[in-house]
Ligand code: IDP
Ligand code: MG
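In my numbering, the protein residues as written are 41 to 192.
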C-alpha cells in the first residue's frame with residue numbers, strides 16, 4: 041500500500057472549454073479521491089513558484105501567461121500511488137504524443153494547451169500541495185466504496 045497525495049490543476053483551457061467535469065470524472069473513475077478543491081485565478085507570483093523549475097526555458101513566459109490567463113480548478117487528489125496513476129491518466133506532456141484514452145490524448149492537441157497539470161513525484165506533490173492549499177482546506181474522509189477499489 042502506498043497512499044499518496046498529488047496536486048492536480050485543470051488549467052485555464054480546460055476550464056474555458058467546459059472540460060472540468062470530464063477531467064474530474066476521469067480521475068474519480070480511476071479510483072482516486074478528491075480531498076481538496078477550489079477554483080483559483082492564479083497570480084503571477086504563485087505561477088512563478090509553481091513553475092520555478094522551468095525558468096529560462098523558451099516556453100517559460102508563455103507558460104506563465106497561459107496559467108494566469110483565467111481560473112484553474114486546483115485539486116488535491118489522494119489514492120494508492122496517486123502520483124504515477126494520475127500522470128498516467130493525464131498522458132504525455134505533448135497531447136500529440138499522448139496515448140488515446142488519456143486526458144491529453146483524447147481532449148488536447150498542442151503542448152501549450154494541454155489541459156491539466158499533475159505533480160511528477162511524491163516529493164513534488166507535497167511541495168505543490170503546500171503552494172496551492174492550506175492544510176485546513178484538505179479534508180480527510182473515508183469513502184465506503186474504498187474496499188472495492190483497493191484490496192487491503
Ligand atoms: P508536465 O506538465 O507534463 O509535467 P513539464 O515538462 O513539467 O510537463 O512542463 C510544464 C508545462 O509547460 C507543460 O504541461 C506545458 O503546458 C508546458 N510546456 C512544456 N514543454 C513545452 C513546450 O515545448 N512548448 C510549450 N509549452 C511547453
Ligand atoms: Mg511537470
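Note that beta-carbon positions come from the ideal geometry of N, C-alpha and C, so glycine has one too.
Simplified DSSP state of residue i, which is helix, strand or coil
i	result
residue 122	helix
residue 59	coil
residue 51	coil
residue 65	helix
residue 191	coil
residue 186	helix
6 Å CB neighbourhood of residue i in its chain, flanking five on each side removed
i	result
residue 190	120
residue 132	138
residue 154	135, 144 and 148
For residue j and residue i, the rounded distance between their alpha carbons
i	j	result
residue 88	residue 65	29 Å
residue 110	residue 177	22 Å
residue 86	residue 125	25 Å
residue 77	residue 151	25 Å
residue 130	residue 113	15 Å
residue 79	residue 192	34 Å
residue 163	residue 182	24 Å
residue 42	residue 118	10 Å
residue 69	residue 107	26 Å
residue 104	residue 169	18 Å
residue 140	residue 71	19 Å
residue 99	residue 91	11 Å
residue 186	residue 96	43 Å
residue 184	residue 102	43 Å
residue 51	residue 74	17 Å
residue 172	residue 179	15 Å
Beta-carbon contacts of residue i that lie in its chain and below 7 Å, excluding the five residues immediately before and after
i	result
residue 165	44, 45, 46, 47, 123 and 159
residue 54	60, 63, 155 and 156
residue 84	104 and 108
Identity of the residues DSSP links to residue i by a beta bridge
i	result
residue 44	119
residue 73	118
(message) What ranges does the beta strand (DSSP E) occupy inside the region 77 to 115, keeping only unbroken runs of at least 3 residues that lie completely in it?
(response) none
(request) Could I get the ranges of all uninterrupted beta strand (DSSP E) runs contained in the region 123 to 176, with 3 residues as the minimum, in chain order? (result) 156 to 158
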